[in-house]
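Every position in the sequence shown, counted from 1, becomes a number in the working numbering once 56 is added.
All residues carry an ideal CB built from backbone N, CA and C; glycine is no exception.
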Amino acid sequence: MAERLTIGEFSRITHLSVRAPRRYHERGLLVPAEVDPATGYRYYAPAQARPALTIRRLRELDLPLPDLRRFLEAESAGEGATGHGAAQQIVAAHLRRLEDRLGRTQRAVQALQELLDPQAQRAVSPEVLPPQRVLAVSLDVPPGAELSWYDAAMRDLDTAAGRRPVLPPGGRYEHTIFTEGQGRATVYLPAEPPLPPGAPDAVRELHLPQRTAAVATHCGPHDDLDLTYAAVGTFAARDGLRSADLVEEVYLVGPRDTDQPDRWRTLVAWLLASDNAQSSAQRQRRRDSTTMRRLDIHAYDGPTVLVRRPTVQNEGGVRLPRGRTPPS
Numbered sequence: 057m058a059e060r061l062t063i064g065e066f067s068r069i070t071h072l073s074v075r076a077p078r079r080y081h082e083r084g085l086l087v088p089a090e091v092d093p094a095t096g097y098r099y100y101a102p103a104q105a106r107p108a109l110t111i112r113r114l115r116e117l118d119l120p121l122p123d124l125r126r127f128l129e130a131e132s133a134g135e136g137a138t139g140h141g142a143a144q145q146i147v148a149a150h151l152r153r154l155e156d157r158l159g160r161t162q163r164a165v166q167a168l169q170e171l172l173d174p175q176a177q178r179a180v181s182p183e184v185l186p187p188q189r190v191l192a193v194s195l196d197v198p199p200g201a202e203l204s205w206y207d208a209a210m211r212d213l214d215t216a217a218g219r220r221p222v223l224p225p226g227g228r229y230e231h232t233i234f235t236e237g238q239g240r241a242t243v244y245l246p247a248e249p250p251l252p253p254g255a256p257d258a259v260r261e262l263h264l265p266q267r268t269a270a271v272a273t274h275c276g277p278h279d280d281l282d283l284t285y286a287a288v289g290t291f292a293a294r295d296g297l298r299s300a301d302l303v304e305e306v307y308l309v310g311p312r313d314t315d316q317p318d319r320w321r322t323l324v325a326w327l328l329a330s331d332n333a334q335s336s337a338q339r340q341r342r343r344d345s346t347t348m349r350r351l352d353i354h355a356y357d358g359p360t361v362l363v364r365r366p367t368v369q370n371e372g373g374v375r376l377p378r379g380r381t382p383p384s
């Protein structure tokens, strides 16, 4: 008769509690090698120690029960695409989710530390964004929509732009997109007309007028983009500047440029009502004896950078719901 272990002996060699193997059995995760039909006692084979410990580790890592069952079924199938390889893919996918969660947790901790530090302030300045010609897709974002609308808009814009060199993409969004999850959005690519033949029907030419804004450059992924929004919004409110109905973003460096979120740079422009321009400039002169500057988003054959210069005629160009990664 093959060697068998009582549940107590099995517990000692695995350091599992006596209750753990019972739970694993009840959930269909680890079936005992033998169950005495008269007494109901469970007996385990020594070879079951390793699967039991694997189950414990995966449960400690919060692998959902359905995934754990699929993992165990794949492991029991042996080698091959439906066996060990499939089991490894299940674990690898879960580890990627854990790494993403860890990254979000780390960024949340960093954001909290910044909020708790009274000396931590994000740099904001009043700027004038110059007039600009763009190819644009405008749409009404419905409640609860995922970012598929942004993906679709960018695909249409890329098709229309073709091989023409363009400055970084941007978007103009109603505040309600962030506060209520719905509203009007315009996604754009800076490009000179004319609109090429065969361009998608959703794409149109658009002229963005000169506009005044409280501007900050957000560094890194968008998990804490709300801190940058709070900085530009507070700047405007503190100076008594009346806000427009839109915010504008320019994705200076994003997934289109690098797969490293820490290198992303997003220009956030809290657009101001046109009657604020003169008073904002006067406040800025009183603060630092400088005039308001025009904002030049300058692209070259390399990483996209933001350059602030004295008044120029070059055309320049500007988040999506917090916690969402902008599509490539």
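Exercise for review: Could you tell me if Gly-227 is buried or exposed, where buried requires 16 or more neighbouring beta carbons within 10 angstroms of its beta carbon?
Suggested key: In the sequence shown, the residue the question calls residue 227 occupies position 171. Gly-227 comes out buried.
Practice item. State yes or no: is the C-beta of Thr-284 within less than 7 Å of the C-beta of Ala-272? Key: To locate residue 284, count along the sequence shown from 1; it is residue 228. To locate residue 272, count along the sequence shown from 1; it is residue 216. Going by C-beta atoms, Thr-284 is nearer than 7 Å to Ala-272.
Practice item. Note down, in chain order, each residue of its chain lying with its Cβ closer than 6 Å to the Cβ of Thr-110, except the 5 sequence neighbours on either side. Key: Translated into the one-based positions of the sequence shown, residue 110 becomes position 54. Closer than 6 Å at the Cβ level, and outside the excluded window around Thr-110, lies no residue.
Practice item. Evaluate Val-197 with the Cβ neighbour count: other Cβ atoms within 10 Å of its Cβ, from every protein chain shown; 16 or more gives buried, anything less gives exposed. Key: Locating residue 197 in the sequence shown gives position 141, where the first residue counts as 1. Buried: at least 16 other Cβ atoms inside 10 Å.
Point to revise | Reduced DSSP secondary structure (H/G/I, E/B, other) of Arg-220 | key: Here the question's residue 220 lines up with position 164 in the sequence shown. Of the three classes helix, strand and coil, the one that applies to Arg-220 here is coil, per DSSP.
Review point. Given 8 Å as the limit, is there contact between the region 113-123 and the region 132-151, that is, 3 or more CB pairs closer than that?
Key: yes
Check your understanding: For the beta strand (DSSP E) that contains Thr-22, what are its first and last residues?
Key -> No information on residue 22 is available, as it lies outside the stretch 57 to 384 that the chain covers here.
Check your understanding: For the region 234-242 against the region 185-196, are there 3 or more C-beta pairs whose distance is under 8 Å?
Key -> yes
Exercise for review: Find out if the Cβ-Cβ distance for the pair Trp-326, Ala-292 is shorter than 7 Å.
Suggested key: Within the sequence shown, residue 326 is the residue found at index 270, counting from 1. Within the sequence shown, residue 292 is the residue found at index 236, counting from 1. The answer is yes: Cβ separation under 7 Å.
Review point. What's the C-alpha gap between Pro-107 and Glu-59?
Key: Here residue 107 corresponds to residue number 51 of the sequence shown, with the count starting at 1. Here residue 59 corresponds to residue number 3 of the sequence shown, with the count starting at 1. Taking the straight line joining both Cα atoms gives about 17 Å.
Point to revise | Nearest-angstrom Cα separation, counted from Arg-160 out to Val-74 | key: Looking up residue 74 in the sequence shown gives position 18. Looking up residue 160 in the sequence shown gives position 104. Going by the C-alpha atoms only, they are around 36 Å apart.
**Study point:** Environment of Met-348 [buried if 16+ CB atoms lie within 10 Å]
**Key:** As a first step, residue 348 must be located in the sequence shown, where it is residue number 292. In this prediction, Met-348 has a pLDDT of 43, which is less than 50 and means its spatial position is unreliable; nothing more can be read from the coordinates.
Practice item. Mind reading off the beta-carbon distance from His-187 to Pro-250? Whole number of angstroms is fine, and I expect it under 8 Å. Key: Numbered from its first residue, the sequence shown carries residue 187 at position 131. Numbered from its first residue, the sequence shown carries residue 250 at position 194. Per the sequence shown, the amino acid found at residue 187 is Pro instead of His. Not really, about 18 Å apart at Cβ, beyond 8 Å.
Practice item. Entirely within the region 67-129 and at least 3 residues each: give me those beta strand (DSSP E) ranges in chain order. Key: 98-100
**Study point:** Three-state secondary structure assigned by DSSP to Pro-317
**Key:** One-based indexing of the sequence shown puts residue 317 at position 261. In the structure shown, Pro-317 sits in a helix (DSSP, three-state: H, G or I).
Check your understanding: According to the neighbour-count rule (16 or more other Cβ atoms, all chains shown, within 10 Å of its Cβ), is Val-165 buried or exposed?
Key -> As a working note, residue 165 is residue 109 in the sequence shown. Exposed, because fewer than 16 other Cβ atoms sit within 10 Å of the Cβ of Val-165.
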